[in-house]
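Novice: Questions regarding the structure given below will be posed in turn.
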Amino acid sequence: MTLDADTSAVQQEIRDESSTSSNDHADPRQPVGPVVPAASAGWAGLLGAAAALAVGELLDRASDQVTSLVVAVGEGVIDATPGSVVARSINLLGSLQKPLLLTGIVVVALLIGWVAGIRLRRRSVAAMFVGFGIVGAVASARLPGTNVAASIAVAALAAVVGIVIYLTLHHLSKRPVNAAGVIIPGTALSQATDRRRLLAFGGAAAGTIAVVGASRVGRTGAGERARDALIETASAQPATSAPATTVAPTAAGFDLEGLTPRITPISPQDDFYLIDTALVKPQVDPNTWTLTIDGMVDREVIYTYDDLVSRDLVEAEVTLSCVSNPVGGDLVGNAVWRGIPLTTLLDEAGVDPTTPGTQIFSRSVDGWTCGFPTELAYDGRTTMLALEMNGEPLPVDHGFPARLVVAGLYGYVSATKWIERISITDWESVDGFWMPRGWSKEGPIKTQSRIDVPRSGAQVAPGSIAFGGIAWSPTIGIDTVEVAVLASDNSDAEPEWMPATLGDPTSDETWVQWRLDWDATPGSWIALVRATDKSGFTQSPIPVAPAPDGAEGYHAVNITVA
Ligand SMILES: Nc1nc2c(c(=O)[nH]1)N[C@H]1C(S)=C(S)[C@@H](COP(=O)(O)O)O[C@H]1N2
Ligand SMILES: [Mo]
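Throughout the sequence shown, residue numbering follows my numbering, covering 4 to 565 in sequence.
Structure representation (structure tokens):
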């Protein structure tokens, strides 16, 4: 047998020190060569991989032009995944999707390091780190905003550090074995010194990696800090502009336990749904950020945050919804937005709204894009470059420092967060992020309604109970909401629709709360809701999936009265 220190065959034959030697002729205390125990080789590979990833995390902070290798690979995974799967996983996993993906990438990288450390020769492990480096460099360089040379440099450094940590740990883990491949206890090869060095070096490496990893998790970015500073200055100074409207959270008579509040709170806890493709929310420093308006304009204009925030801001309560919201889902929110009417800025750039067949195409700092027909910005609906949400600077998650809000359009065609460019282009020449992924080019929000109380599956006592929920059809407005209750064992019966009482929305651009009191008699029931908008359109019972242009169908809940 060979005693190549790197072959797994040898390592697997290393037995416990007390086991009997299969070779009775050789002196069991005579060292014939060093080997690395399998577990040590595994740890060397794993820590090498961890060190490589840590380099990426550490340098991510150094410049805007480089990015975390883990995040870069995650973005690559998302981009390589069919849009329908991305959309479905957003639905299924919600905001857990991204931490899960990033954690998955780290775990897989560490596992590969561990297995390679055990199974492969040293040279192959080193080659594998180089391979990882190439993947990381490509993943990072292709992202918008990163610099190719910097991406290559970061990935190369990560690979080199990984290899050095791996080789050093591997070397320090060498143990003397006898001819039978059994580790000789307490013998030469300065074992004690090597073990101490191994512990010191391995401990230092693991500690550094842990510190880098931990500091990454709890870190606040430039956007978060700038936003905090804005809030602090605002609270230190007497209000110069009118405070954001304080809207009663619930319309009179609608304080039902479990009913969606009229305004979706964003603090202290953010209840407003979050949808975007960003693995890590862009951290935009408003002091260096600019917004450019270009394309089919008379003059290109570039705004700074100060230019924008020092203007007279307008305010509007607008309901925003995601096209992937399923019937009864919660990818819908209502907020008070403050900002600048988009048409004001378009006028300054000299946009001609009468040019047919054009779109307002916008791009975020992280390269996400969308577009909607130019004429919609001029038809009277709220179309705003929003800087504030519910009286606060936009939260980082919702697009700080600025985003678009267009009443009546799904977010995927209109609501660009972390916006940095608005281009007026013709309608045909360019498509937004979600179009090639199976979603329709135009995205008007469909009329929808939802039952919030009672929750499906609830048990209630006989007597008067209240149904409550919300309905929306921005910018058309809700005319009526009706509820029907069917016996569970006769759910095909013709529904008898009962008109609900509506709260009073501030405008047709927001959802409206509704309520219906019903005399509950014992049994198993299915309650349905449907809305009719002010154009006279009534929701259809036929279920339609969210893709490509929004879900349809009645929301239903099951209740038991006992
Ligand atoms: N930069 C950027 N803006 C974006 C998106 C995105 O992925 N990236 N997603 C859009 C979609 S699909 C929706 S539904 C809304 C959601 O906005 P919210 O997360 O503030 O609720 O943002 C829109 N703006
Ligand atoms: Mo969306």
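A virtual CB, placed ideally from N, CA and C, is assigned to each residue, including glycine. Predicted model, so just to flag it, every value in this text is computed and none were measured.
Starting from the C-beta of residue 410, find all residues in its chain whose C-beta is less than 7 angstroms away, skip the five residues before and the five after it, and write them out in chain order.
Specialist: Result list for residue 410: 321, 384, 385, 477, 478, 512, in chain order.
Novice: Grab me the residues of residue 579's own chain with a C-beta within less than 6 angstroms of its C-beta, minus the 5 sequence neighbours each way, in chain order.
Specialist: Shown here, the chain extends from 4 to 565; a query on residue 579 therefore has no answer.
Novice: Name the one or two DSSP bridge partners that residue 555 has.
Specialist: DSSP lists 547 as partners of residue 555.
Novice: So, using beta-carbon positions, are residue 226 and residue 279 closer together than 8 angstroms?
Specialist: Contact flag unset, no.
Novice: Count the other CB atoms, across all protein chains shown, that sit within 10 Å of the CB of residue 558; report buried if there are 16 or more and exposed otherwise.
Specialist: Label assigned to residue 558: buried.
Novice: Alpha carbon to alpha carbon, how far is residue 46 from residue 186? Give it in angstroms, no decimals.
Specialist: One C-alpha to the other measures close to 18 angstroms.
Novice: Let me know the alpha helix (DSSP H) ranges lying completely inside the segment 364 to 440, each 4 residues or longer, listed in chain order.
Specialist: DSSP runs (the alpha helix (DSSP H)) wholly in the segment 364 to 440: 377 to 380, 414 to 417.
Novice: Please state whether DSSP places residue 227 in a helix, a strand or coil.
Specialist: Note: residue 227 maps to helix in three-state DSSP.
Novice: Alpha carbon to alpha carbon, what distance is there between residue 421 and residue 363?
Specialist: Rounded to the nearest angstrom, the two C-alpha atoms are 16 angstroms apart.
Novice: Indicate whether residue 490 and residue 499 have their beta-carbon atoms separated by less than 8 angstroms.
Specialist: No, the Cβ-Cβ distance between residue 490 and residue 499 is not below 8 angstroms.
Novice: Can a CB atom of chain D be found closer than 8 angstroms to the CB of residue 201?
Specialist: The chain inventory of the structure shown lacks chain D, comprising one protein chain alone.
Novice: Would the beta-carbon of residue 458 fall within 8 angstroms of that of residue 335?
Specialist: In this structure, residue 335 does not lie closer than 8 angstroms to residue 458 by Cβ.
Novice: So is residue 272 buried or exposed if we call it buried at 16+ other beta carbons inside 10 Å?
Specialist: Per the 10 Å Cβ criterion, exposed.
Novice: Does the beta-carbon of residue 281, which I'm using as the reference point, lie nearer than 7 angstroms to any heavy atom of ligand 1?
Specialist: Residue 281 Cβ: within cutoff of ligand 1.
Novice: What residues match up with residue 501 in a beta bridge as DSSP calls it?
Specialist: BP columns for residue 501 point to 486.
Novice: What is the rounded straight-line gap between the Cα of residue 79 and the Cα of residue 426?
Specialist: Residue 79 and residue 426: Cα-Cα distance of roughly 26 angstroms.
Novice: By the three-class DSSP mapping on this structure, what secondary structure does residue 468 have?
Specialist: Three-state result, residue 468: strand.
Novice: Shortest alpha-carbon distance to residue 296 belongs to which of 534, 310, 365?
Specialist: When only C-alpha atoms are compared, the closest one is 365.
Novice: If you run the structure through DSSP and keep just helix, strand and coil, what is residue 493?
Specialist: It is helical.
Novice: Would the C-beta of residue 293 count as close to ligand 1, meaning under 7 angstroms from any of its heavy atoms?
Specialist: No; taking the cut-off as 7 angstroms, the Cβ of residue 293 has no heavy atom of ligand 1 nearer than that.
Novice: Can you tell me whether residue 231 is buried or exposed, with buried defined as 16 or more other CB within 10 angstroms of its CB?
Specialist: Looking at its Cβ environment, which holds fewer than 16 other Cβ atoms inside 10 Å, residue 231 is exposed.
Novice: Should residue 278 be listed as close to ligand 2, given that the test is whether its C-beta is under 7 angstroms from any heavy atom?
Specialist: Checking every heavy atom of ligand 2 against the Cβ of residue 278, one is found closer than 7 angstroms.
Novice: In the DSSP assignment, find the beta strand (DSSP E) that holds residue 297 and state where it starts and stops.
Specialist: Here the beta strand (DSSP E) through residue 297 covers 293 to 298.
Novice: Any heavy atom of ligand 2 closer than 7 angstroms to the CB of residue 332?
Specialist: The answer is no for residue 332.
Novice: Between residue 541 and the rest of its own chain, which residues show a CB-CB distance below 7 angstroms, the 5 nearest in sequence each way excluded?
Specialist: Answer for residue 541: 533, 535, listed in chain order.
Novice: Identify the continuous beta strand (DSSP E) that holds residue 180 and give its terminal residues.
Specialist: First-last of the beta strand (DSSP E) with residue 180: 178 to 180.
Novice: Just to confirm, are residue 423 and residue 368 a CB contact at a threshold of 8 angstroms?
Specialist: Against a cut-off of 8 angstroms, the Cβ pair of residue 368 and residue 423 comes out as a contact.
Novice: With the cut-off set at 8 angstroms, would you say residue 353 and residue 301 are in Cβ contact?
Specialist: Yes. Within cutoff.
Novice: Give me the Cβ distance between residue 439 and residue 523, rounded to the nearest whole Å; I'm assuming they're in contact under 8 angstroms.
Specialist: Not a contact, Cβ separation roughly 50 angstroms.
Novice: Quickly, what does DSSP pair residue 522 with across the bridge? List them, please.
Specialist: 467, per the DSSP bridge assignment.
Novice: Closest by CA to residue 259, which one among 545, 552, 547, 520?
Specialist: Per the Cα distances, 520.
Novice: Measure the CB-CB distance between residue 474 and residue 468 and report whether it falls below 8 angstroms.
Specialist: Not in contact: residue 474 and residue 468 (Cβ atoms no closer than 8 angstroms).
Novice: Measuring straight from C-alpha to C-alpha, what distance separates residue 286 and residue 372?
Specialist: So the alpha carbons of these two residues sit roughly 18 angstroms apart.
Novice: Distance, Cα to Cα, residue 202 vs residue 209?
Specialist: Distance between the alpha carbons of residue 202 and residue 209 is about 10 angstroms.
Novice: Is it right to say residue 147 is buried, meaning 16 or more other beta carbons lie within 10 angstroms of its own, or is it exposed?
Specialist: So residue 147 counts as exposed.
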